[in-house]
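For the record, in the sequence shown the residue sitting at position 228 is 228 according to the numbering used here, with numbers rising by one throughout. Beta carbons are placed, not taken as given, at the ideal position from N, Cα and C, and that holds for glycine.
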Amino acid sequence: MKKKFVLFALTLLLTATSQNAVWAGEILERIRQTGVITAGTRKDATPFAYINEKGEWVGYSIDILEIIRQNVEKELGKTIRLKLVEVTPQNRFNKVKNKEIDIECASSTFTWERDKIIDFSVSYFASGTKIMRKKGSSLGTIDSLAGRRIGVIPNTTNEQAIKIQQPAAIIVPIKNRIEGLEKLKKGEIEAIAGDGIVLQALQLENNNGDRFEVVPEFPYVYEAYACMIPEDESAWRGMVNYSLVKFMEGIISDQPQQVEMYEKWFGEETGVTPYSREAINDYFQGIVDGYEWIPLISY
């Protein structure tokens, strides 16, 4: 019940910051003229955006971008191409702010501070800060992190969460999660702090299930993933939100195409990183409730 309440509260937060669009702006017009959506995403954020063993750019967020592309193509009545551009935790905000990219979708979290310089879509996933530790470690509760070396990517919400929740933790900067995993293996840090769903993927994809584990059961801080777009582009944001809400309606109402996509990444048995359908349905329902229901015809 606590988990559902917190997830529902997140939906209200993201919905409140994403409504009242006015159909105007240069991004959508640029897309109309060029036929290209320039989208920023990641190469190291399994299962959201990463490079697979075939060298292909794949992930849940990549599929979300494709859904947006399809909807824009339908609305504009012309062929639209998706151009993917790699972004990092360090440069993603400036690339959006400076309109070098039209949108960023990966594993970026809404914060009020970030909202001062960029805009966010409705949320399309919820996670939260956890840690990955060696099995047998006593680390887990927020109190247990005091005086312990915790690897964190700088300037992320995970770093902020650990600093706020446990100021006595020893923060060790890491460039990325792969570097963090190597430091954890060598004993240079005692845990990696990150989004629980991404840490779980890191654990699984490196066949480290017997050596490491992600804890605690519930995150220290819940976070809402959303796409980022340049400020004051309400026409573009409205189209992005329309695409996302329609997708979420499909999940809630068990539409085969949307469910198949979700199960590919998060299915309990077949997904890259399992995540409860019940939990995500509750989360999506809270978002959809803030909008008019979209008829799911020929999606």
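Residue i and residue j look like a contact to me (Cβ under 8 angstroms); what is the Cβ gap, rounded to whole Å?
i      : j      : result
Ile62  : Phe247 : Not confirmed; about 13 angstroms, so no contact.
Trp265 : Val272 : 5 angstroms
Leu65  : Ala39  : 5 angstroms
Thr157 : Glu86  : The pair is not a contact, with the Cβ atoms about 20 angstroms apart (cut-off 8 angstroms).
Leu82  : Ile37  : 5 angstroms
Asp102 : Ile27  : 5 angstroms
Arg237 : Ser121 : 6 angstroms
Tyr242 : Phe125 : Not confirmed; about 18 angstroms, so no contact.
Ile31  : Val72  : 6 angstroms
Hey, would you say residue i sits closer than 8 angstroms to residue j, going by beta carbons?
i      : j      : result
Leu84  : Trp112 : no
Cys227 : Val240 : yes
Pro47  : Ala201 : yes
Gly35  : Ile80  : yes
Val221 : Ile252 : no
Tyr275 : Ile197 : yes
Residues in the same chain with beta-carbon distance under 8 angstroms from residue i, minus the five sequence neighbours each way, listed in chain order, please.
i      : result
Trp293 : Glu249
Asp232 : Gly25 and Asp119
Leu139 : Ile131, Arg133, Leu145, Arg148, Glu190, Ala191 and Val215
Leu204 : Val272 and Thr273
Lys95  : Gly40, Val85, Val87, Ile101 and Glu104
Ala168 : Leu145, Ala146 and Gly147
Ile171 : Ile150, Val152, Glu159, Ile162 and Lys163
Trp23  : For Trp23, the predicted structure reports a pLDDT of 38, less than 50, and the residue's modelled location is therefore unreliable. The matter cannot be settled from this model.
Ile142 : Gln165, Gln166 and Tyr220
Ala270 : A quick correction: the sequence has Thr, not Ala, at residue 270. Taken in chain order, the residues that qualify are Glu263 and Lys264.
Asn155 : Pro89 and Gln90
Lys97  : Ile117, Ile118, Pro230 and Glu231
Near residue i, what residues of its chain come up, given a Cβ to Cβ distance below 6 angstroms and the 5 sequence neighbours on each side ignored?
i      : result
Lys183 : Gly151 and Ile189
Arg42  : Ala49 and Ala106
Gln285 : Ile252
Lys99  : Pro230
Ile280 : none
Asn305 : Examination of residue 305 is not possible in this model, given that the chain is present from 1 through 299 alone.
Tyr262 : Ile251
Tyr60  : Pro47, Phe48 and Trp265
Glu213 : Lys135
Verify the CB distance criterion: does residue i have a CB-CB separation below 8 angstroms to chain C?
i      : result
Gly128 : Chain labels in this structure do not include chain C; a single protein chain is all it has.
Which residues in the same chain as residue i place their Cβ atom closer than 7 angstroms to its Cβ, once the five residues preceding and following it in sequence are excluded?
i     : result
Arg69 : Ile37, Ile80 and Leu82
Exercise. Quick one: which unbroken beta strand (DSSP E) runs of 3-plus residues sit fully inside the region 96-182? Chain order, please.
Key: If only uninterrupted beta strand (DSSP E) runs of at least 3 residues are considered, those enclosed by the region 96-182 are 119-134, 149-152 and 170-173.
Quiz prompt | Continuous alpha helix (DSSP H) assignments of at least 4 residues falling wholly in the region 241-291 | solution = Within the region 241-291, the complete alpha helix (DSSP H) runs of at least 4 residues are 256-266 and 277-288.
Practice problem: Any chance you could list the beta strand (DSSP E) runs of at least 3 consecutive residues sitting entirely within the region 21-61, in chain order? | Solution: List check, beta strand (DSSP E) in window: 36-41 and 49-51.
Practice problem: Count the CB pairs spanning the region 162-169 and the region 76-93 that are closer than 8 angstroms, and state whether there are at least three. | Solution: Below 8 angstroms, too few C-beta pairs join the region 162-169 and the region 76-93 to call them touching: fewer than three.
Quiz prompt | Touching by the beta-carbon criterion (3+ pairs, under 8 angstroms), the region 186-205 and the region 125-140 | solution = A contact exists between the region 186-205 and the region 125-140.
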